[in-house]
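Visitor: Chains as they are written, first to last, in the working numbering: chain A, 67 to 191; chain B, 2 to 125.
Here's a structure for you.
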């Protein structure tokens, strides 16, 4: 386990074609901070949050990950409020939020005036 | 000729039967292509197998496509089977999203192609 690791930061323009490279970068960071067993679940959950932000807004999505002694935190911030998006996610067209919550036990959505933060927290194994 | 998206292979092992194999990663960026391909195959065949056993990654947009096309196939009298393999995150994504509850899922190509012979090809 790495005692102190550099935070992960990424800014994704509203282009779904960039998601794959983003996942590769995130996978490398997760590997560097010692995440093994839960790596794929974290990758998919963060991807879902980022992709939803891209799909629902024209502005870039920012992703920040940081390591603490017992937890890994990843915030995915996108422009706009998720009120309408969460409604959309409940229908058959979108399964992102339920998928995130099924993959990770600690998923929080913070809706602010002009942005939404999806906050993911994982226990370090 | 049908243009295939990246990391997609198409086989036609029998008349009226299509097997489309998704390898590697499939996400929002490939959603529309996946929907167009599967929709067309369902329109033109009586059995369609969507094989994700060699896929490494699928997201909720691809899951939604598979769900929607599977339902459309059922409504149209077309058999639509989902083949999954051993990639844990892909199987888990299909499972926790509820898509598996809605579709016929198999683990081998033999199961996927059972009853694949056209009625006129069957002996007896």
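Virtual Cβ for every residue (Gly too), placed ideally from N, Cα, C.
According to DSSP, is residue 172 (chain A) helix, strand or coil?
Guide: Of the three classes helix, strand and coil, the one that applies to residue 172 (chain A) here is strand, per DSSP.
Visitor: Tell me the rounded alpha-carbon separation between residue 146 (chain A) and residue 17 (chain B).
Guide: Going from the Cα of residue 146 (chain A) to the Cα of residue 17 (chain B) covers about 47 angstroms.
Visitor: Assuming residue 52 (chain B) is part of the beta strand (DSSP E), what are its boundary residues?
Guide: Its beta strand (DSSP E) spans residues 48-59.
Visitor: Mind pulling the chain A residues with CB within less than 8 angstroms of residue 97 (chain B)?
Guide: Residues of chain A passing the Cβ test: 164, 165, 168, 169.
Visitor: Tell me whether the beta-carbon of residue 74 (chain A) lies closer than 8 angstroms to the beta-carbon of residue 131 (chain A).
Guide: Yes, the Cβ-Cβ distance between residue 74 (chain A) and residue 131 (chain A) is below 8 angstroms.
Visitor: Would a check of beta-carbon distances place residue 139 (chain A) closer than 8 angstroms to chain B?
Guide: Not closer than 8 angstroms to any Cβ of chain B, the Cβ of residue 139 (chain A) fails to qualify, so no.
Visitor: Count the other CB atoms within 10 Å of the CB of residue 82 (chain A); is the residue buried (16 or more) or exposed (fewer)?
Guide: It is buried - the Cβ of residue 82 (chain A) has at least 16 other Cβ atoms within 10 Å.
Visitor: Report the rounded CA-to-CA distance for residue 65 (chain B) versus residue 161 (chain A), giving the unit in angstroms.
Guide: Cα to Cα, the separation comes out at about 7 angstroms.
Visitor: Between the beta-carbon of residue 170 (chain A) and the beta-carbon of residue 94 (chain B), is there less than 8 angstroms?
Guide: Taking 8 angstroms as the Cβ cut-off, residue 170 (chain A) and residue 94 (chain B) do not qualify as a contacting pair.
Visitor: Looking at chain A, which residues of the stretch 55-66 of chain B have a Cβ within less than 8 angstroms of any of its Cβ atoms?
Guide: Listed in sequence order: 58, 60, 61, 62, 64, 65.
Visitor: Do you know offhand how far residue 77 (chain A)'s Cα is from residue 137 (chain A)'s?
Guide: Looking at the two C-alpha atoms, the distance is approximately 22 angstroms.
Visitor: Do residue 200 (chain A) and residue 184 (chain A) have their C-beta atoms closer together than 8 angstroms?
Guide: In the structure as shown, chain A starts at 67 and stops at 191, and residue 200 (chain A) therefore has no counterpart that could be examined.
Visitor: Is the distance from the Cβ of residue 27 (chain B) to the Cβ of residue 59 (chain B) below 8 angstroms?
Guide: In this structure, residue 59 (chain B) lies closer than 8 angstroms to residue 27 (chain B) by Cβ.
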